[in-house]
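*Asks:*
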Ligand SMILES: CC(C)(COP(=O)(O)OP(=O)(O)OC[C@H]1O[C@@H](n2cnc3c(N)ncnc32)[C@H](O)[C@@H]1OP(=O)(O)O)[C@@H](O)C(=O)NCCC(=O)NCCS
């Protein structure tokens, strides 16, 4: 009998979580208490499992998310997570079945794009996903930054202030700061109340696994919170009692360059801290250039991050802004039959319109490449050079290059 693909019932959640852990090579142990803690928040209508002989052997889940498009508008996304197939059942098409089921439901619901963070690069291109944001992580050698360690941070002339706060205060202040950030930074994804709970140690499925970090809020000269940094520190000393502590930044969001700068300088100014690990940043983060000696920040990770799969070309392209006005007809190929067709995009200073058309196309591309271009972080010319965009009207790729690129790089600060 072929394994049965279905959404979960409450009694199957424990077996499903065990299968997730098996696929992710984590200890396959799930306690009754953890299941009870998770049940009130689990959307079982969007959690899929494949069952064989009464056991869950494959998992797939999604939730509703908003993704900020270039220009700041939110688009409705189907955010995919918990994707695993147990080693006993790999390479029999189970991921393909679960993906087809979930994307069909997302399309039916009216989601504009699907999003995920890929464990391995080669998995998701075949399903129409393309890497749309990249992440860079730096390690800062604090003593080489050239920052003056004798000065207070922020300095009195900055006009702002920084306060250490509790997790409960972060749950109150954080959402407003984040909402301001996501209205101005493409690639940012929404955070619901559950996200703030989980990232501040509240209502955790497994409270024993939590270690409380430090939280610091930046306020502008009017007292308005406009930045938040979350970090942990280890406890390392040299043989002759010199402090060698490393601060690891778990989150740093700011809505003004002044707040961004003050919070980087703050974490680099903490006594005993000689190394700062920045966490996942946009590749064009201001950080290295904020340091008198930019080479004190060394890149330790640079990789693709958020992958985007366009489900509705018209709404996706109308939701974003374009760097220059222009008209382009795109022939989009989609093997899954979800978003393919020919579309005329007309962008002007007052907004963009897009509609299905029968005109000849200026450029032809797969929906995967459209996902790569969507957040302005990939170059149409580069994809054309690779043969992944076909130019049918001379000059169309150069126009796409001008229209689709954004001044700043896309950034998705979160993992899901
Ligand atoms: C990735 C994973 C879910 C794939 O599941 P699967 O059921 O084996 O995938 P399918 O059988 O549906 O594969 C479909 C196609 O994708 C390919 N594919 C699947 N996983 C791949 C991988 N990791 N690398 C390269 N190709 C992969 C298959 O070879 C197959 O190609 P084909 O159609 O040309 O034959 C599974 O290997 C897994 O659980 N891995 C560990 C956990 C993980 O990485 N999860 C993803 C988290 S984002």
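In our numbering, the protein residues as written are 9 to 424. Each residue gets a CB set at the ideal place from its N, CA and C atoms; glycine is no exception.
(1) Nearest by alpha-carbon distance to residue 415: which of 364, 330, 358 is it?
(2) Which residues does DSSP list as the beta-bridge partners of residue 129?
(3) Please determine if the region 156–169 and the region 48–57 are in contact, where contact requires at least 3 C-beta pairs separated by less than 8 Å.
(4) So if DSSP puts residue 253 in a beta bridge, which residue, or which two residues, is it bridged to?
(5) Please name the residue, chosen from 311, 333, 338, that lies closest to residue 322 on a Cα-to-Cα basis.
(6) Please confirm if the region 274–293 is in contact with the region 145–154, defined as three or more CB-CB distances below 8 Å between the two stretches.
(7) Which value, in whole angstroms, describes the spacing of the CA atoms of residue 102 and residue 66?
(8) Is it buried or exposed for residue 119, if we count other Cβ within 10 angstroms and need 16 for buried?
(9) Suppose the cutoff is 8 Å on Cβ atoms and the five residues either side in sequence are ignored; what does the same chain contact list for residue 155 look like?
(10) Would you tell me roughly how many angstroms separate the C-alpha atoms of residue 372 and residue 204, rounded to the nearest one?
(11) Can you list, in chain order, every residue whose CB sits closer than 5 Å to a heavy atom of ligand 1?
(12) Mind reading off the beta-carbon distance from residue 305 to residue 296? Whole number of angstroms is fine, and I expect it under 8 Å.
(13) Could you tell me whether the Cβ atoms of residue 294 and residue 224 are closer together than 9 Å?
(14) Pairing CB atoms from the region 224–238 with CB atoms from the region 91–102, are three or more of them under 8 Å?
(15) Residue range of the beta strand (DSSP E) that residue 310 falls in?
(16) Keeping to the same chain, check which residues put their C-beta closer than 7 Å to that of residue 342; ignore five residues upstream and five downstream.
(17) With DSSP as the reference, label residue 177 as helix, strand or coil.
(18) Which class does residue 139 belong to by DSSP, given the choice of helix, strand or coil?
(19) Let me know if residue 54 comes out buried or exposed under the rule of 16 or more other beta-carbons within 10 Å of its beta-carbon.
(20) Might you give, ordered along the chain, the residues of its own chain that have their beta carbon closer than 7 Å to the beta carbon of residue 333, omitting 5 neighbours on each side?
(21) Would you kindly report the start and end of the unbroken beta strand (DSSP E) that includes residue 66?
(22) Mind checking who residue 88 pairs with in its DSSP beta bridge?
(23) What alpha helix (DSSP H) runs, 4 residues minimum, are completely inside the region 371–422?
(24) Classify residue 119 as helix, strand or coil using the three-state DSSP reduction.
(25) Going straight from the alpha carbon of residue 402 to that of residue 318, what length do you get?
(26) Who are the Cβ neighbours of residue 77 in its own chain at under 7 Å, not counting the five residues just before and after it?
(27) May I ask which residues mark the beginning and end of the alpha helix (DSSP H) holding residue 30?
(28) Helix, strand or coil for residue 202? Go by DSSP, reduced to three states.
(29) Cutting at 8 Å between CB atoms, please list the residues of its own chain near residue 308, excluding the five before and the five after it.
(30) Here's the rule: buried if 16 or more other CB atoms are within 10 angstroms of the residue's CB, otherwise exposed. What is residue 423?
*Replies:* The structure says:
(1) In the chain shown, the residue the question calls residue 415 occupies position 407. Looking at the Cα atoms, 330 is the closest of the given residues.
(2) On the chain shown, residue 129 is found 121 positions in, with the first residue counted as 1. Residue 129 pairs with nothing; no bridge assigned.
(3) Proximity of the region 156–169 to the region 48–57 falls short of the contact definition, fewer than three beta-carbon pairs being nearer than 8 Å.
(4) Numbered from 1 along the chain shown, position 245 holds the residue referred to as residue 253. Beta-bridge pairing by DSSP links residue 253 to 281.
(5) Residue numbering aside, residue 322 sits at position 314 when the chain shown is read from its first letter. The shortest C-alpha separation from residue 322 is found at 338.
(6) With the rule of 3 Cβ pairs closer than 8 Å, the region 274–293 counts as touching the region 145–154.
(7) For the purposes of this step, residue 102 is taken as the residue at position 94 of the chain shown. For the purposes of this step, residue 66 is taken as the residue at position 58 of the chain shown. Answer to the nearest angstrom: the Cα atoms are 7 Å apart.
(8) What you label residue 119 is simply residue 111 of the chain shown in a count that begins at 1. With a threshold of 16 other beta carbon atoms within 10 Å, residue 119 meets it and is buried.
(9) For this step, residue 155 is matched to residue 147 along the chain shown. The answer, listed in chain order, is 273, 276, 277, 299, 300.
(10) Counting from one through the chain shown, the residue named residue 372 turns up at place 364. Counting from one through the chain shown, the residue named residue 204 turns up at place 196. Approximately 42 Å, taken between the alpha carbons.
(11) Around ligand 1, the residues whose beta-carbon falls short of 5 Å from at least one of its heavy atoms are 31, 91, 92, 93, 98, 99, 101, 102, 103, 104, 127, 128, 130, 131, given in chain order.
(12) Sequence index remark: in the chain shown, residue 305 carries index 297 (1-based). Sequence index remark: in the chain shown, residue 296 carries index 288 (1-based). For a cut-off of 8 Å, the C-beta gap from residue 305 to residue 296 is around 4 Å, short enough to register as a contact.
(13) Position 286 of the chain shown, counted from the start, is the residue given in the question as residue 294. Position 216 of the chain shown, counted from the start, is the residue given in the question as residue 224. In terms of Cβ geometry, residue 294 and residue 224 do not form a close pair [threshold 9 Å].
(14) Cβ pair count under 8 Å is below three, so no.
(15) For the purposes of this step, residue 310 is taken as the residue at position 302 of the chain shown. Element bounds for residue 310: 305–312.
(16) Taking the first residue of the chain shown as position 1, residue 342 is located at position 334. Contacts found: 136, 348, 375.
(17) Counting from 1 along the chain shown, the entry for residue 177 is found at position 169. Helix at residue 177.
(18) Translated into positions along the chain shown, residue 139 becomes position 131. For residue 139, the secondary structure class from DSSP, reduced to helix, strand or coil, is strand.
(19) Locating residue 54 in the chain shown gives position 46, counting from the first residue. Buried, since its Cβ has 16 or more Cβ neighbours within 10 Å.
(20) Counting from 1 along the chain shown, the entry for residue 333 is found at position 325. Within the same chain, residue 333 has close Cβ partners 355, 356, 357.
(21) Translated into the one-based positions of the chain shown, residue 66 becomes position 58. Going by DSSP, residue 66 is part of the beta strand (DSSP E) stretching over 63–76.
(22) Translated into positions along the chain shown, residue 88 becomes position 80. Per DSSP, 70.
(23) Counting whole runs of 4 or more residues, the region 371–422 contains the alpha helix (DSSP H) stretches 375–382, 388–393, 404–412.
(24) By one-based count along the chain shown, residue 119 stands at place 111. Correct three-state label for residue 119: coil.
(25) Reading the chain shown from its first residue, position 394 is the one you call residue 402. Reading the chain shown from its first residue, position 310 is the one you call residue 318. In this structure, the straight-line span from the alpha carbon of residue 402 to that of residue 318 is close to 26 Å.
(26) Here residue 77 is taken as the residue at index 69 of the chain shown, counted from 1. For residue 77, where only same-chain residues beyond five positions count, the Cβ hits under 7 Å are 83, 194, 327, 328.
(27) Position 22 of the chain shown, counted from the start, is the residue given in the question as residue 30. Note, residue 30: alpha helix (DSSP H), 21–31.
(28) Within the chain shown, residue 202 is the residue found at index 194, counting from 1. When DSSP states are grouped into helix, strand and coil, residue 202 belongs to the helix group.
(29) Residue mapping note: residue 308 aligns to position 300 of the chain shown, counting from 1. Closer than 8 Å at Cβ, skipping near neighbours: 145, 146, 147, 285.
(30) On the chain shown, residue 423 is found 415 positions in, with the first residue counted as 1. Exposed: under 16 other Cβ atoms inside 10 Å.
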